[in-house]
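Chains as they are written, first to last, in my numbering: chain H, 5 to 252; chain A, 5 to 252.
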DNA sequence: TATGACACTTGATCCATGTCATTGAATGGG
DNA sequence: CCCATTCAATGACATGGATCAAGTGTCATA
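Rendered as structure tokens:
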């Protein structure tokens with residue numbers, strides 16, 4: 005089952021509506037009534053395609069609204085003056101990014117495509133206006149913001165308290181569950197990002213990522229071939245992060 | 005000039021309104037008209053006092069609303085199963101916390117007082133309802149959420165890419181500027197948190213915090229006496245973080 | 001003043017990761 | 001198809017901080 009729209013020509017993509025989008029139940033429209041969805045729909049800028057490695061925005065750019073990934077993938081990151089990137093998040097189809105512009109109406113980080121990528125833009129002014137009459141949309145947006153914040157918090161726990169082994173295991177499990185959520189295999193998938201980006205997300209060196217992948221393979225936990233990942237032993241992977249999850 | 009309300013008896017505190025609160029221009033009411041502020045005011049639960057080391061909420065607790073610190077200080081944190089705390093943020097008077105409950109109407113982290121502390125509660129349901137008719141409040145809340153998110157992002161950059169020296173320097177500058185914002189000295193202040201908590205925030209060991217404080221003193225950058233901090237050379241401190249700030 | 005609990009400091013040691021250098025594998029352009 | 005370039009893997013080595021183990025200062029209580 006081909007779920008993304010990679011190979012549909014641009015002319016057709018322009019007609020895509022939230023209602024017909026296979027990702028709509030993962031994205032902002034989730035929980036809205038049909039009527040509400042249609043109303044929202046009118047204000048969404050429809051997706052365009054971008055090559056790999058395109059800058060979508062950078063610090064200082066005017067904040068337009070939220071971005072929803074349709075296909076491909078996006079990384080958001082901050083940089084040190086010396087050039088090192090701290091990846092803040094990877095954004096896969098159905099996921100939203102760009103919230104870093106909310107504070108000052110200016111983007112605060114970089115957003116770059118990982119791959120051939122298309123996305124929708126949900127203009128903030130329109131969303132804000134719709135919020136006045138659509139309590140469900142208000143709640144959905146708050147839910148989204150809360151979710152992003154909680155993801156960042158988990159990421160802080162990872163960077164502050166986890167070993168390199170634990171970080172990589174956590175990362176693989178996160179990607180796996182996000183593929184699963186979209187209806188794809190949780191155990192066999194292609195990583196959309198480079199080793200460099202993985203290292204930047206996990207706060208470790210590229211070489212360490214390589215060595216850890218090797219070590220995971222030797223323990224028969226995963227099989228790695230370039231970007232292709234096959235998780236052989238989900239149990240062991242879960243064990244590795246058993247001490248990392250905060251108590252509920 | 006005594007700006008906080010620590011020593012005013014509870015009976016008087018109950019009469020405190022946003023309008024008369026010296027922190028209101030740092031807190032959620034900022035930017036609201038007098039009329040709007042009064043309307044908001046009616047729904048705010050007025051502060052109570054708590055001892056040091058009181059748990060305000062913990063993961064799983066029902067999300068009531070946003071918390072605004074009036075006096076004292078609060079830390080929010082996640083824990084590993086093995087007990088290590090990753091401090092997510094320190095919250096000083098005029099600052100808001102508790103947003104971690106937005107995703108699922110349940111708090112996701114712990115919030116604990118650092119000191120004798122009082123705070124206000126802004127019930128979420130009331131805020132949400134007011135948002136329908138008060139666009140300024142909507143914007144103020146979005147601004148707040150965006151700000152929190154950007155703070156978390158800076159914190160991610162710190163944990164992922166900065167050396168221990170840089171982390172501590174960044175930390176001191178952050179506390180300093182937040183004291184200044186409230187009208188206090190930017191160069192002489194008492195840290196409201198323990199070494200252990202500083203270590204937990206910076207993702208380093210307590211021993212490293214001690215050693216770095218010593219090293220900073222030997223370079224005549226600061227003078228440290230237990231919790232009392234005097235910044236002697238703000239220039240040097242800024243130099244230490246010169247490479248850490250993301251480009252604008 | 002004595003006593004215990006706790007927070008902080010300090011020193012010695014060790015190791016998980018970073019850094020540097022090299023090689024090999026994949027990819028893209030002409 | 002070849003060459004140039006980027007990306008990934010691997011080995012050798014270095015080191016920033018963690019860990020472990022005392023020691024010291026501070027505060028509360030009796």
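Just so you know, even glycine gets a beta-carbon here, dropped at the ideal spot from N, CA and C.
Next item on the list: Could you work out which residues of chain A lie near residue 246 of chain H, taking near to mean beta carbons separated by less than 9 Å?
Entry: Per Cβ cutoff of 9 Å: 85.
Checklist line | Buried/exposed call for residue 38 of chain H, threshold 16 Cβ in 10 Å | finding: By the neighbour-count rule (16 or more Cβ atoms within 10 Å), residue 38 of chain H is not buried but exposed.
Next item on the list: Go through its chain and collect everything with a Cβ distance to residue 61 of chain A's Cβ below 6 Å, but skip five positions before and after it.
Entry: Counting only Cβ-Cβ distances below 6 Å, and skipping sequence neighbours, we find 111 and 115.
Next item on the list: Assign residue 85 of chain A to one of three DSSP states: helix, strand, or coil.
Entry: If DSSP states are grouped into helix, strand and coil, residue 85 of chain A belongs with coil.
Next item on the list: Please report how far the alpha carbon of residue 193 of chain H lies from the alpha carbon of residue 153 of chain A, in whole angstroms.
Entry: If you take the alpha carbons of residue 193 of chain H and residue 153 of chain A, they lie about 30 Å apart.
Check: When we look at the beta-carbon of residue 117 of chain H and count the other beta-carbons within 10 Å, is it buried (16 or more) or exposed?
Finding: Classification for residue 117 of chain H: buried.
Checklist line | N-terminal and C-terminal residue of the alpha helix (DSSP H) that residue 99 of chain H is part of | finding: Segment: none, residue 99 of chain H is in no alpha helix (DSSP H) and carries neither H nor E.
Notebook entry, point to check: Buried or exposed: which applies to residue 200 of chain A, given that a residue is buried once 16 or more other Cβ atoms fall within 10 Å of its Cβ?
Noted result: Exposed.
Next item on the list: For chain H, find out if any of its Cβ atoms is closer than 7 Å to the Cβ of residue 44 of chain A; answer yes or no.
Entry: No, residue 44 of chain A lies away from the interface with chain H (no Cβ there is under 7 Å from its Cβ).
Checklist line | Cβ distance (whole Å) where residue 225 of chain H is taken to contact residue 236 of chain H below 8 Å | finding: Rounded, the Cβ-Cβ distance is 6 Å, consistent with contact.
Next item on the list: Specify, as a first and last residue, the run of the beta strand (DSSP E) that residue 246 of chain A falls within.
Entry: Where residue 246 of chain A is concerned, there is no enclosing beta strand (DSSP E), because DSSP gives it neither an H nor an E.
Checklist line | Residue range of the unbroken beta strand (DSSP E) whose run includes residue 194 of chain A | finding: In this chain, the beta strand (DSSP E) harbouring residue 194 of chain A covers 192-194.
Check: Who are the Cβ neighbours of residue 93 of chain A in its own chain at under 6 Å, not counting the five residues just before and after it?
Finding: Once the five neighbours on either side are set aside, the close Cβ partners of residue 93 of chain A are 80.
Note to self: Looking only at its chain, what residues have a beta carbon closer than 7 Å to the beta carbon of residue 244 of chain H, apart from the 5 residues adjacent to it on each side?
What the structure shows: For residue 244 of chain H, where only same-chain residues beyond five positions count, the Cβ hits under 7 Å are 169, 170 and 173.
Notebook entry, point to check: What is the DSSP secondary structure of residue 47 of chain A, reduced to helix, strand or coil?
Noted result: Looking at residue 47 of chain A - three-state DSSP - the assignment turns out to be coil, as it is neither helix nor strand.
Note to self: Quick check on residue 63 of chain A: does DSSP put it in helix, strand or coil?
What the structure shows: Reduced to three states, the DSSP call for residue 63 of chain A is coil.
Notebook entry, point to check: Given a threshold of 16 other Cβ atoms within 10 Å of its Cβ, counted over all protein chains shown, does residue 133 of chain H qualify as buried or as exposed?
Noted result: Exposed.
Checklist line | Neighbour flag for residue 216 of chain H against chain A, beta carbons, 7 Å | finding: Judged by the 7 Å Cβ criterion, residue 216 of chain H is not in contact with chain A.
Next item on the list: Starting from residue 70 of chain A, follow the alpha helix (DSSP H) in both directions and report where the run begins and ends.
Entry: That residue, residue 70 of chain A, is in no alpha helix (DSSP H); its beta strand (DSSP E) goes 69-75.
Next item on the list: Over the uninterrupted beta strand (DSSP E) stretch that includes residue 227 of chain A, give me the two end residues.
Entry: Element bounds for residue 227 of chain A: 226-229.
Item checked: Pairwise C-alpha distance: residue 179 of chain A and residue 22 of chain H -> Going from the Cα of residue 22 of chain H to the Cα of residue 179 of chain A covers about 45 Å.
Item checked: Euclidean distance between Cα positions of residue 51 of chain H and residue 143 of chain H -> Those two C-alpha atoms are separated by around 25 Å.
Next item on the list: Starting from residue 136 of chain A, find everything on chain H with Cβ-Cβ shorter than 9 Å and list it in chain order.
Entry: Per Cβ cutoff of 9 Å: 135, 136, 137, 139 and 142.
Note to self: Output needed for residue 85 of chain H: all residues of its chain with C-beta closer than 6 Å, excluding positions within five of it in sequence on either side, in chain order.
What the structure shows: Close CB contacts of residue 85 of chain H within its chain, under the 6 Å cut and outside five residues either way in sequence, are absent.
Check: What are the start and end residues of the beta strand (DSSP E) that includes residue 125 of chain H?
Finding: That run of the beta strand (DSSP E) goes 121-127.
Check: Which residue's Cα is closest to the Cα of residue 230 of chain H: H:32, H:214 and H:25?
Finding: Considering only alpha carbons, the answer is H:214.
Next item on the list: Please name the residue, chosen from H:130, H:58, H:40 and H:56, that lies closest to residue 47 of chain H on a Cα-to-Cα basis.
Entry: When each option's Cα is compared against that of residue 47 of chain H, the closest is H:130.
Check: By Cβ distance below 6 Å, which residues in the same chain neighbour residue 242 of chain A in space, the five residues on each side in sequence not counted?
Finding: For residue 242 of chain A, where only same-chain residues beyond five positions count, there are no Cβ hits under 6 Å.
Next item on the list: Starting from residue 168 of chain H, trace the beta strand (DSSP E) both ways and give me its first and last residue.
Entry: Counting along the chain, residue 168 of chain H falls outside any beta strand (DSSP E), though it belongs to the alpha helix (DSSP H) covering 168-185.
Item checked: Cutoff 7 Å; reference residue 97 of chain H; Cβ partners in own chain excluding five residues on either side -> For residue 97 of chain H, where only same-chain residues beyond five positions count, the Cβ hits under 7 Å are 8, 27, 73, 74, 75 and 186.
Margin query: Measuring straight from C-alpha to C-alpha, what distance separates residue 159 of chain A and residue 156 of chain H?
Written below: Using only the alpha carbons, I get a separation of about 10 Å.
Notebook entry, point to check: Would you report the Cα separation of residue 43 of chain H and residue 63 of chain A, rounded to the nearest angstrom?
Noted result: Distance between the alpha carbons of residue 43 of chain H and residue 63 of chain A: 36 Å.
Notebook entry, point to check: Whose Cβ in chain A lies nearer than 8 Å to the Cβ of residue 57 of chain H?
Noted result: Using a Cβ-Cβ cut-off of 8 Å, residue 57 of chain H is close to nothing in chain A; its nearest Cβ partner there is about 18 Å away.
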